[in-house]
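Peer 1:
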Amino acid sequence: MIVKKETHKKELEILKEDFEDLKTYFDELREILPVSICTVGSRGIVVDINKAAEALIGYKTLEIIGQSIEVFFYPKEDITILLKKIEEEGRIKTKETTLITSNNEKISVSVSVSLRKDSKGNPIGYFLTIINISKIKKYQKQLEIRAKELNKSRTALMNILEDIDDARKIAEEERDKTKAIITNFADGLLVVDKENKIILINPEGEKILGVSGGEINGIILKGITEFPVLNKLIKLLEIKESKDDLFRKELFLETPKKHSLEITTISITRDEETLIILHDISREKLIEKMKTEFVSLAAHQLRTPLSAIKWTLKMFLDGDLGKITEEQRDFIEKTYQSNERMIILINNLLDVTRIEEGKYLFKPTFTQIENVLQFVLNSLKEIIKRKKIKLDFEKPQKKLPKIKIDVDKMRLAINNLLDNAIKYTPVGGQITVSLRHNGKEIEFLVKDSGVGIPKDQQGRIFTKFFRGTNVVQIETDGTGLGLFIAKNIIETHGGKIWFESEENKGTTFYFTLPIKEEFQEFLKEF
Amino acid sequence: MPKKILLVEDEEIMIDLLQKKLTQEGYEISVARNGEQGLTMMREINPVLILLDIIMPKLNGFEVMEEMQKDKELKKIPIIVVSNSGQPVELDRAQKLGAKDWLIKTEFDPQEVIKKVKKQIGE
Numbered sequence: 001m002i003v004k005k006e007t008h009k010k011e012l013e014i015l016k017e018d019f020e021d022l023k024t025y026f027d028e029l030r031e032i033l034p035v036s037i038c039t040v041g042s043r044g045i046v047v048d049i050n051k052a053a054e055a056l057i058g059y060k061t062l063e064i065i066g067q068s069i070e071v072f073f074y075p076k077e078d079i080t081i082l083l084k085k086i087e088e089e090g091r092i093k094t095k096e097t098t099l100i101t102s103n104n105e106k107i108s109v110s111v112s113v114s115l116r117k118d119s120k121g122n123p124i125g126y127f128l129t130i131i132n133i134s135k136i137k138k139y140q141k142q143l144e145i146r147a148k149e150l151n152k153s154r155t156a157l158m159n160i161l162e163d164i165d166d167a168r169k170i171a172e173e174e175r176d177k178t179k180a181i182i183t184n185f186a187d188g189l190l191v192v193d194k195e196n197k198i199i200l201i202n203p204e205g206e207k208i209l210g211v212s213g214g215e216i217n218g219i220i221l222k223g224i225t226e227f228p229v230l231n232k233l234i235k236l237l238e239i240k241e242s243k244d245d246l247f248r249k250e251l252f253l254e255t256p257k258k259h260s261l262e263i264t265t266i267s268i269t270r271d272e273e274t275l276i277i278l279h280d281i282s283r284e285k286l287i288e289k290m291k292t293e294f295v296s297l298a299a300h301q302l303r304t305p306l307s308a309i310k311w312t313l314k315m316f317l318d319g320d321l322g323k324i325t326e327e328q329r330d331f332i333e334k335t336y337q338s339n340e341r342m343i344i345l346i347n348n349l350l351d352v353t354r355i356e357e358g359k360y361l362f363k364p365t366f367t368q369i370e371n372v373l374q375f376v377l378n379s380l381k382e383i384i385k386r387k388k389i390k391l392d393f394e395k396p397q398k399k400l401p402k403i404k405i406d407v408d409k410m411r412l413a414i415n416n417l418l419d420n421a422i423k424y425t426p427v428g429g430q431i432t433v434s435l436r437h438n439g440k441e442i443e444f445l446v447k448d449s450g451v452g453i454p455k456d457q458q459g460r461i462f463t464k465f466f467r468g469t470n471v472v473q474i475e476t477d478g479t480g481l482g483l484f485i486a487k488n489i490i491e492t493h494g495g496k497i498w499f500e501s502e503e504n505k506g507t508t509f510y511f512t513l514p515i516k517e518e519f520q521e522f523l524k525e526f
Numbered sequence: 527m528p529k530k531i532l533l534v535e536d537e538e539i540m541i542d543l544l545q546k547k548l549t550q551e552g553y554e555i556s557v558a559r560n561g562e563q564g565l566t567m568m569r570e571i572n573p574v575l576i577l578l579d580i581i582m583p584k585l586n587g588f589e590v591m592e593e594m595q596k597d598k599e600l601k602k603i604p605i606i607v608v609s610n611s612g613q614p615v616e617l618d619r620a621q622k623l624g625a626k627d628w629l630i631k632t633e634f635d636p637q638e639v640i641k642k643v644k645k646q647i648g649e
């Protein structure tokens, strides 16, 4: 029995020891747990808290024991409801709420509650585990803001993408449109970059140049290429002086078929690229030629009857066809003058057609131009006298060198200029003619005190058939061909012609003729 | 004995006018109305001068002159071309074919024709 008792006692002691160990183990574990744990009685009174809880709430265990757990939370109801719920449902409940610390700081926490039961399973209180989630909350808030921002950015980005897509669609449409226009354009189109490299040619351009399948793409329009047709184009484009100017020139191609082209170049995309337009003017040229031929034929045909009229009237006037009365003479004289005007008109028309046909041949001889001018002045002496015009001839100070000119044509050019000056200067007016030379050129000028050329019409003054609106009212029988012819004659001699004019004050026409060697070479070709 | 002049011209009014004017000046005028007839007549009448138009039916003036150049007798007869046109190329060609002078009808009158005729015949 004693042994039995002894045995029991020993077992009990071992058990007690085990229990003590367990308690120490449990207490230590509880103290080192980073989770705040509150042990609460069944009425919500704090029974114990661990170290982590002390640190979190800011009270020592002794300060807190006996207090209602609710007071540490805001709103209080959160905990009340939680405790109630756990009794009803029995499971661990977790809730996020706010903890108020000893220094009145509000911390976001997550509170989990579980029931404490005794060994028989009766509820005797609760365990509360409190986790500080303020940092998590803070991060969460930041995350939310960030998410919101991201969302906003995303929306903005989407909008941008949509806009870009729209813009891309528009650009694509524009590109397709431009492509369609270029492809189907009736003129040949070439685009070259700033290195003169061909970067685009449309089908009509290939047709005109007789190339295909983009074989000239990438070729540089400079020097000599393997395509003779391009070499002709290059030669023409070399004449272009300034990049800014609109360049327009005619080009005649023999191959692939006979084409007359009008070449226009325009700078596009901020001068980086140049558009070259090849406009086929073969048809216009043909029509122009037919028109010129028609005028030429008609003028020739008109000359025969005009000569017959001239000769008949002259013979009447000369008395070859019998005596005529003074009245008859007067009428015939006037008719003769009308006929002369008609002959001049026809001759002018023929000159123009010859200029246009390129048949306006020049027979240059070494001549003293002063003599040519003097000849014309003599022929106009009568009319100058009749109109009481004061004529000043400023002769050259030193003798002019002889130059190679076509005397007949030069007489015509000077005559046309002087004739205009006389015609459009009122009776009693003043005309100055001057000839001089500066070593390189001979300069001629005729200055009148006439009606002048209206400013808005000055640009068209050398165009054939053009007559100023003011002079049409003074002289009805001008042809509008005189200056056109004069300009052609001067320019074919390698010279320049221009004018200065002010309406109702007068006009000065100038021309220069070169004395240099090249010009003489130039004329040899005729 | 009046001097014989051959006028080769197809324009009727010009024929009338020139015939009248030249006859008044005391010349004997024969008229051929085309180039071919002109060549035949110049052989028959042996004129001292020929007034020759250029644009004519059958042989034109240039062709007449070419034919005359081939004949050593005919090429001696002086020619004055009386034409409606007067381009430098035409003048050159006529000169090479032996024409002594050239008159553009619209720029001259009958009186001036007489002057040129007299100059050629040496009167």
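As given, the protein sequences belong to chains Z and C, one line each in that order.
No gaps in the numbering here: position 199 of the first sequence is 199 in the numbering used here, and each next residue is one more.
Position in the second sequence counted from 1, then plus 526, gives you the numbering used here.
Using N, Cα and C, we set each Cβ at its ideal position, and we do this for glycine too.
So which residues of chain Z does Lys546/C contact, with C-beta pairs closer than 8 Å?
Peer 2: Ordered by position in chain Z, the residues that pass the 8 Å Cβ test against Lys546/C are Met315, Asp320, Leu321.
Peer 1: Less than 9 Å between CB atoms is the rule here; does Ser501/Z satisfy it with respect to chain D?
Peer 2: Of the protein chains in the structure, Z and C, none is chain D.
Peer 1: In chain order, which continuous runs of the alpha helix (DSSP H) of length 4 or greater are located wholly inside the segment 5-83 of chain Z?
Peer 2: Runs found: 51-57, 61-64.
Peer 1: Could you list which residues in chain C have their beta carbon closer than 9 Å to that of His300/Z, in chain order?
Peer 2: The answer, in chain order, is Ile581, Asn610, Ser611.
Peer 1: Going by DSSP, name the residue or residues bridged to Asp456/Z.
Peer 2: Its beta-bridge partners do not exist; DSSP assigns none.
Peer 1: Taking 9 Å as the CB-CB cut-off, is Lys631/C touching chain Z?
Peer 2: Yes - at least one Cβ of chain Z is within 9 Å of the one on Lys631/C.
Peer 1: Report the neighbours of Asp635/C on chain Z: residues whose CB is nearer than 7 Å to its CB, in chain order.
Peer 2: Within chain Z, the residues near Asp635/C are Lys310, Trp311, Lys314.
Peer 1: Using 10 angstroms around the beta-carbon of Trp498/Z, count the other beta-carbons present and answer buried if the total reaches 16, otherwise exposed.
Peer 2: Trp498/Z comes out exposed.
Peer 1: Hey, how far is the Cα of Asp118/Z from the Cα of Thr39/Z?
Peer 2: Computed Cα separation, rounded: 14 Å.
Peer 1: Could you tell me which chain Z residues have their CB closer than 9 Å to the CB of Met567/C, listed as they occur along the chain?
Peer 2: Chain Z residues near Met567/C: none, gap ~23 Å exceeds 9 Å.
Peer 1: For Ile125/Z, does the count of other Cβ atoms within 10 angstroms reach 16, so buried, or fall short, so exposed?
Peer 2: The residue asked about is misnamed: residue 125/Z is Gly in this sequence, not Ile. Per the 10 Å Cβ criterion, buried.
Peer 1: Output needed for Gly41/Z: all residues of its chain with C-beta closer than 6 Å, excluding positions within five of it in sequence on either side, in chain order.
Peer 2: Excluding residues within five positions, the ones whose Cβ falls inside 6 Å are Val47, Gly125.
Peer 1: If we define contact as Cβ-Cβ less than 9 Å, is Gln621/C a contact residue for chain Z?
Peer 2: Not an interface residue.
Peer 1: Can you give the beta carbon distance from Pro454/Z to Lys404/Z, rounded, assuming they're within the 8 Å contact cut?
Peer 2: In fact, because the Cβ distance is near 37 Å, the residues do not count as touching under 8 Å.
Peer 1: Tell me, please, whether the CB atom of Ile647/C is closer than 9 Å to any CB atom in chain Z?
Peer 2: Answer no: the Cβ-Cβ gap between Ile647/C and chain Z never drops below 9 Å.
Peer 1: Val35/Z: which of Ala55/Z, Glu20/Z, Lys16/Z, Glu174/Z sits nearest, CA to CA?
Peer 2: When each option's Cα is compared against that of Val35/Z, the closest is Ala55/Z.
Peer 1: Output yes if chain C places a C-beta closer than 9 Å to the C-beta of Leu343/Z; else output no.
Peer 2: Leu is not the amino acid found at residue 343/Z; the sequence shown has Ile there. For Ile343/Z, the answer is yes, since a Cβ of chain C falls inside 9 Å of its Cβ.
Peer 1: Which partner residues does Ile531/C have in the DSSP bridge list?
Peer 2: Answer by DSSP bridge pairing, in chain order: Ile555/C, Leu575/C.
Peer 1: Could you give the DSSP three-state label for Gly214/Z: helix, strand or coil?
Peer 2: Looking at Gly214/Z - three-state DSSP - the assignment turns out to be coil, as it is neither helix nor strand.
Peer 1: Looking at C-beta atoms only, is the number of pairs between the segment 285-301 of chain Z and the segment 345-354 of chain Z that lie closer than 8 Å three or more?
Peer 2: Taking 8 Å as the limit for Cβ pairs, the verdict is that the segment 345-354 of chain Z does touch the segment 285-301 of chain Z.
Peer 1: Taking contact to mean 3 or more Cβ pairs, one atom from each stretch, closer than 8 Å, check whether the segment 129-147 of chain Z and the segment 63-71 of chain Z are in contact.
Peer 2: With a cut-off of 8 Å, the segment 63-71 of chain Z and the segment 129-147 of chain Z do not count as touching, because too few Cβ pairs lie within range.
Peer 1: Which whole-angstrom value is the C-beta distance of Ile263/Z and Ile276/Z, which I expect to be below 8 Å?
Peer 2: Confirmed, Cβ separation roughly 7 Å.
Peer 1: How far does the beta strand (DSSP E) with Lys392/Z in it reach, from first residue to last?
Peer 2: The question names Lys, but residue 392/Z in the sequence shown is Asp. Taken as a continuous stretch (DSSP letters only), the beta strand (DSSP E) holding Asp392/Z covers 390-394.
Peer 1: At 8 Å on the CB atoms, spell out the chain C contacts of Arg303/Z, in chain order.
Peer 2: Those within 8 Å of Arg303/Z in chain C are Asn610, Ser611, Lys631, Thr632.
Peer 1: Going by beta carbon distance, what residues of the same chain come within less than 7 Å of Phe331/Z, once the five residues before and after it are set aside?
Peer 2: Excluding sequence neighbours, Phe331/Z sits near nothing in its chain.
Peer 1: Regarding Thr512/Z and the ligand ATP, is the C-beta to nearest heavy atom distance less than 8 Å?
Peer 2: The model on display carries no ligand, and the ligand ATP is accordingly not part of it.
Peer 1: Would you please verify whether the beta carbon of Glu653/C is less than 9 Å from any beta carbon of chain Z?
Peer 2: Outside the shown range of chain C, which is 527 to 649, sits residue 653/C, and nothing can be said about it.
Peer 1: Kindly indicate if chain C contains any beta-carbon less than 9 Å away from that of Ile346/Z.
Peer 2: Yes, Ile346/Z counts as interfacial toward chain C.
Peer 1: Here's a check: name, in chain order, each residue in its chain whose Cβ is nearer than 6 Å to the Cβ of Glu500/Z, leaving out the five neighbours to either side.
Peer 2: Closer than 6 Å at the Cβ level, and outside the excluded window around Glu500/Z, lie Thr508.
Peer 1: Quick one: is Pro528/C near chain Z, going by C-beta distance under 9 Å?
Peer 2: No, no contact with chain Z.
Peer 1: So is Leu543/C in contact with chain Z if we call contact Cβ pairs under 9 Å?
Peer 2: Yes, Leu543/C lies at the interface with chain Z (some Cβ there is under 9 Å from its Cβ).
Peer 1: Per DSSP, which residues does Phe527/Z bridge with? Please list them.
Peer 2: It is not possible to answer for residue 527/Z, since the shown part of chain Z is limited to 1 through 526.
Peer 1: Pull out every residue of the segment 200-234 of chain Z whose Cβ sits closer than 9 Å to any Cβ of chain C, in chain order.
Peer 2: Of all residues in the segment 200-234 of chain Z, none has a Cβ within less than 9 Å of some Cβ in chain C.
Peer 1: Tell me which residues share the same chain as Gln397/Z and place their Cβ nearer than 8 Å to its Cβ, disregarding the 5 neighbours each side in the sequence.
Peer 2: Excluding sequence neighbours, Gln397/Z sits near Arg436.
Peer 1: Buried or exposed for Asp635/C, please, with buried defined as at least 16 other CB atoms from any protein chain shown within 10 angstroms of its CB.
Peer 2: It counts as buried.
Peer 1: Return the first residue and the last residue of the alpha helix (DSSP H) that Val472/Z is part of.
Peer 2: 469-474 is the extent of the alpha helix (DSSP H) around Val472/Z.
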